[in-house]
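S.K.: Before anything else, here's the structure in question.
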Amino acid sequence: MRWLLIKDLQILRRSPLLVGLLIVYPIVIALLIGFALSRAPEKPRVAVLNEIPAGKLSIDVGGQQVDISSYFDELFDAVTPIYVKSRAQGIADVRSGAALGTIVIPADFTSRLSSGLQSADVDVIYNGDAVEQSFAQSTISAKLSQANTALATRLAHVAGGYVDLLRTGGQLNAFGTSVKILGLNKSNAAIDSAIAGLPETSPVRASLLPVAHFTALGNADLGFAKLLLETIANPIQVHTSLLAGRRTTLDAFAVPLAVSVSLMFVCVLLAAGMLSLEREANTFARLTRGLVSGAGVLVEKGLLAAGCAFVATFAMLCGIGGFVHLDWSRMPLWIVALASSALAFAALGVAIGSLAREVRAASLLAFLLALPLAFMALVPSGSISGGLYDVISVVSAVFPFKAGLQAIDAAINGSQPGLGSSLPHLAALIVVFAVAARLGLRRFAH
Amino acid sequence: MTADAELSNADGPPLEIRGVGMRFGDRDALRDVSFAVAPGELLAIIGPNGAGKTTLLSILAGIRQPTAGTVTRAGRQDGRIGWVPQQTAVYEKLSVAENLRLFARLERLPDPQAAVDRMLEQTDLVDRADDELGRLSGGNRQRVNIAVGLLGDPVVLLLDEPSASLDPRQRQRLWKFISALADHGTGVVFATHDIAEAERHAERVLVLADGELLFTGTPAMLKAAVAGAGDGEAGAGAGGEVEAGGRPAESDLEQAFVAFLQRQGH
């Protein structure tokens, strides 16, 4: 088997095109996938017409000045703003495709907000194809909603201050004047004190009692009103809890995904290709005629593919580590996960190779099988019907991609399910596909 | 008879089969085939397409196990029976010497490099030892293919259509080489479509048709059998061996072969 392995390495060394196809291409594809997943989406270009006069970017809320420019900054951070000088120019930019949309902030924006009686308007004009428009629209809508919420919270906070003033009393500064407010608490206390000093039969006492009751009730109700204002400003509070599944972010998940895709393609294509090469070169019968057993050939091809793929993806992972933060102390786990996954993919590869008599047929078969496996393993639960997801789960469990991805993700990011469940799964798949390959050779070898 | 019996025979013929049959599903590829190969003998297996020639050779080589009958080889090791498949079974990305060295090592020869040097010398490929197989002509590739079959110094060499892809000059060189092997005591069994080639080089021919061994004898005996049968005097019964002394044939072996098959209902 040692001589066969050396022979295959010699052949690979002399087949740069094959090596390029089997190793470089999947790695490039995997890196592109990882890059696409980890890279932040490009910001949509949006024309912005700000008609608010300079120096009028703050609003007066009950005597407090609130600077709204910070809300615009947050909105413009999500887009690439193209500042225009007129509505016509903004519309022209949208028509020409220079911008996917135009946001017009009218001159009366701050005065309407300051009035406290009217909502301020923002005009948004869209353009672009369906995807771009949807992207721009959702980005702008989301950011405007965030700005609305933040502003409402701020206004509720100011209004809450007024409520407190009404309850506890203090100095009210409004419209350029300062007024002292007694407050319901003190009013209530003063009335109670006055009532206490009056005889039981006093008609004034009878008149003051409903007033005392009203001030006490008003004080209590205003306490609830303050809570209500805060609730209206932010009616839905989101608290997230993860019951199961990955705890890693999409960025962190991109690394094991890229590594798994590379590992699968290199392993499956190399194992299937090198085994079918023995058939294509007519050497399989010569080898298995007492020189090497059929099982020996399978093991040799499996080890060759797994070894090459392991080296390629381990180097790839170390290379990625130069750009993305990786926990290097977990390297022993990387090695275990990569080696186990490589062996499982290699077993799948030799099973495919045992069915094909030509390298091209084996490669095509490997591609046709491997590509959907990768996509199916990435289908999130809840995105499709339950029955279909169950079918996809079964198919994914029967092939090594999902188990390999979970093992590598667990090794790199410590995500769930851990290596404890992925490794036995991979070991079972190695046995299953090795047996399938042996049966395939018996059926199709000669 | 046991289906897969393989016996060792130190004193008898280097290769002998008895009652060998091969069944694929419900089709008989071979039925009750028996013969032996003597040391230094050149034996041709001829027959129409689908007669079972390649199947028979693969059973002799030990690649397939027969479903009936016994195969007796000189020594237990398959390596003592050299096998050269119809299509070259070597690696195009390796050089001539690398191919030979690989198979010599896989055959666990005591001195692989000596075996490689010997085969390069024997096949006259010393000058091409470092050339990749993919750059060699069809004739030279076939020589390497044969050289690999000869690495273990076999007592019998099995060749499947050895000259099928060669031009006349290469074919002539190949047969000169094979004849030299036989002269040195190697039994040679070759399957061929080329009846003229069998007539020219074989000492004995086996006629196979539809998995049945119809005739075993010298080319002259086959001609004689046909001529004799044509006169209504003698015929080659299924598996029968025509004795020498028949009337000399007027036609060549190819015509005799076709006539013989027709007479046998094939």
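Sequences listed follow chains A and B, in order. According to numbering that gives the first Met the number 0, the residues represented by the first sequence are 0 to 445, in order. According to numbering that gives the first Met the number 0, the residues represented by the second sequence are 0 to 265, in order. By construction, the Cβ of each residue, glycine as well, lies at the ideal position given by its N, Cα and C atoms.
Could you compute how far the alpha carbon of valine 431 (chain A) sits from the alpha carbon of alanine 305 (chain A)?
M.R.: Cα to Cα, the separation comes out at about 17 Å.
S.K.: At least one CB of chain A closer than 9 Å to the CB of arginine 26 (chain B): is that the case?
M.R.: So, not an interface residue.
S.K.: Would you list, in sequence order, the uninterrupted alpha helix (DSSP H) runs of no fewer than 4 residues that lie entirely inside the segment 166 to 228 of chain A?
M.R.: Counting only runs of 4 or more, we get 183 to 195.
S.K.: Anything in chain B within Cβ reach of alanine 361 (chain A), meaning under 8 Å, just list it in chain order.
M.R.: Ordered by position in chain B, no residue passes the 8 Å Cβ test against alanine 361 (chain A), which lies about 17 Å from the chain.
S.K.: Taking glycine 18 (chain B) as the reference, give the member of B:Asp193, B:Asp130 and B:Ile58 with the closest Cα.
M.R.: It is B:Ile58 whose Cα lies nearest to the Cα of glycine 18 (chain B).
S.K.: I'd like the span of the alpha helix (DSSP H) that includes proline 298 (chain A), first residue to last.
M.R.: The question names proline, but residue 298 (chain A) in the sequence shown is valine. From DSSP, the alpha helix (DSSP H) with valine 298 (chain A) extends over 293 to 319.
S.K.: Would you mind reading off the limits of the beta strand (DSSP E) that contains glycine 186 (chain B)?
M.R.: It spans 186 to 191 - the beta strand (DSSP E) in which glycine 186 (chain B) sits, taken as one unbroken run.
S.K.: Give me whichever residues DSSP pairs with tyrosine 82 (chain A) in a beta bridge.
M.R.: Paired residue(s): A:Val47.
S.K.: Over the uninterrupted alpha helix (DSSP H) stretch that includes arginine 1 (chain A), give me the two end residues.
M.R.: From DSSP, the alpha helix (DSSP H) with arginine 1 (chain A) extends over 1 to 12.
S.K.: Please identify, using Cβ separations under 7 Å, the residues of the segment 0 to 16 of chain A that lie next to chain B, in order along the chain.
M.R.: Within the segment 0 to 16 of chain A, the qualifying residues are Trp2, Lys6, Gln9, Ile10, Arg13 and Ser14.
S.K.: Please report the straight-line C-alpha distance between valine 70 (chain B) and alanine 35 (chain B), rounded to a whole angstrom.
M.R.: When rounded, the distance between both Cα atoms is 10 Å.
S.K.: Suppose the cutoff is 8 Å on Cβ atoms and the five residues either side in sequence are ignored; what does the same chain contact list for arginine 100 (chain B) look like?
M.R.: The answer, listed in chain order, is Pro111, Gln112 and Val115.
S.K.: Give the straight-line distance between the Cα atoms of valine 323 (chain A) and phenylalanine 344 (chain A), rounded to the nearest whole angstrom.
M.R.: Computed Cα separation, rounded: 26 Å.
S.K.: Please classify serine 95 (chain A) as buried or exposed, where buried requires at least 16 other C-beta atoms within 10 Å of its C-beta.
M.R.: Per the 10 Å Cβ criterion, exposed.
S.K.: Decide if arginine 199 (chain B) is buried, meaning its Cβ has at least 16 other Cβ atoms within 10 Å, or exposed.
M.R.: Burial call: exposed.
S.K.: Under 7 Å Cβ-Cβ, which residues of chain A neighbour valine 188 (chain B)?
M.R.: Correct list: empty, because the minimum Cβ distance to chain A is about 15 Å.
S.K.: Using DSSP with H/G/I as helix, E/B as strand and the rest coil, what is phenylalanine 71 (chain A)?
M.R.: DSSP places phenylalanine 71 (chain A) in helix when its eight states are reduced to three.
S.K.: Buried or exposed: serine 144 (chain A), going by 16 or more other Cβ atoms within 10 Å of its Cβ?
M.R.: Label assigned to serine 144 (chain A): exposed.
S.K.: Would you please state the rounded distance, in angstroms, between the beta carbons of alanine 365 (chain A) and valine 267 (chain A)? I believe it to be under 8 Å.
M.R.: Sure, about 5 Å apart at Cβ, within 8 Å.
S.K.: Select from A:Phe374, A:Ser328 and A:Arg442 the residue whose C-alpha is nearest the C-alpha of asparagine 412 (chain A).
M.R.: Among A:Phe374, A:Ser328 and A:Arg442, the Cα nearest to that of asparagine 412 (chain A) belongs to A:Ser328.
S.K.: Identify each residue in the segment 81 to 95 of chain B for which the Cβ-Cβ distance to at least one residue of chain A is less than 8 Å, and report them in chain order.
M.R.: Listed by position along the chain: Trp82, Pro84, Gln86, Thr87, Ala88, Val89, Tyr90, Glu91, Lys92 and Leu93.
S.K.: Cβ of leucine 156 (chain B) within 9 Å of Cβ of valine 95 (chain B)?
M.R.: It is not a contact, given that the beta carbons lie outside the stated cut-off.
S.K.: Looking at the structure shown, is isoleucine 383 (chain A) part of a helix, part of a strand, or coil, going by DSSP?
M.R.: If DSSP states are grouped into helix, strand and coil, isoleucine 383 (chain A) belongs with coil.
S.K.: Quick one: is lysine 84 (chain A) buried, meaning 16 or more other Cβ sit within 10 Å of its Cβ, or exposed?
M.R.: Per the 10 Å Cβ criterion, exposed.
S.K.: Give me the chain B residues within the contact set of valine 18 (chain A), using Cβ-Cβ distance strictly less than 7 Å, ordered along the chain.
M.R.: The premise fails here: valine 18 (chain A) is roughly 12 Å from chain B at the closest Cβ pair, so nothing lies under 7 Å.
S.K.: Using C-beta distances below 7 Å, list every residue in its chain close to leucine 347 (chain A), excluding the 5 sequence neighbours before and after it, in chain order.
M.R.: Hits under 7 Å: Val267, Phe398, Pro399 and Phe432.
S.K.: Do three or more CB pairs link the segment 120 to 137 of chain B to the segment 163 to 170 of chain B at distances below 8 Å?
M.R.: Because the criterion of three Cβ pairs below 8 Å is met, the segment 120 to 137 of chain B and the segment 163 to 170 of chain B touch.
S.K.: Assuming valine 296 (chain A) and glutamate 277 (chain A) form a contact by the criterion Cβ under 8 Å, report the distance between their Cβ atoms to the nearest whole angstrom.
M.R.: With 8 Å as the limit, valine 296 (chain A) and glutamate 277 (chain A) qualify as a contact, their Cβ atoms being about 7 Å apart.
S.K.: Taking aspartate 129 (chain B) as the reference, give the member of B:Glu97, B:Arg142 and B:Thr217 with the closest Cα.
M.R.: Among B:Glu97, B:Arg142 and B:Thr217, the Cα nearest to that of aspartate 129 (chain B) is on B:Glu97.
S.K.: With tryptophan 82 (chain B) as the anchor, note down where its beta strand (DSSP E) starts and where it stops.
M.R.: Counting along the chain, the beta strand (DSSP E) containing tryptophan 82 (chain B) begins and ends at 80 to 83.
S.K.: CA-CA distance, lysine 6 (chain A) and alanine 135 (chain A)?
M.R.: The straight-line gap from Cα to Cα measures roughly 57 Å.
S.K.: On the DSSP bridge list, what partners appear for alanine 35 (chain B)?
M.R.: DSSP, once it has assigned bridges, lists B:Glu15 as partnering alanine 35 (chain B).
S.K.: Compare the C-beta of arginine 104 (chain B) against all C-beta atoms of chain A and say whether one is closer than 9 Å.
M.R.: For arginine 104 (chain B), the answer is yes, since a Cβ of chain A falls inside 9 Å of its Cβ.
S.K.: Which same chain residues end up closer than 8 Å to aspartate 77 (chain B) when comparing Cβ atoms and leaving out the 5 residues on each side of it in sequence?
M.R.: Per-residue confidence for aspartate 77 (chain B) stands at a pLDDT of 47, beneath the threshold of 50, marking its modelled position as unreliable; the derived number appears in the next sentence. Around aspartate 77 (chain B): Ala60 and Gly61.
S.K.: Along chain B, which residues have their Cβ under 9 Å away from the Cβ of valine 447 (chain A)?
M.R.: Given a span of 0 to 445 for chain A in the structure shown, any question on residue 447 (chain A) remains unanswerable.
S.K.: Please report the straight-line C-alpha distance between leucine 44 (chain A) and glutamine 88 (chain A), rounded to a whole angstrom.
M.R.: One detail in the question is off: residue 44 (chain A) reads as arginine in this sequence, not leucine. Looking at the two C-alpha atoms, the distance is approximately 14 Å.
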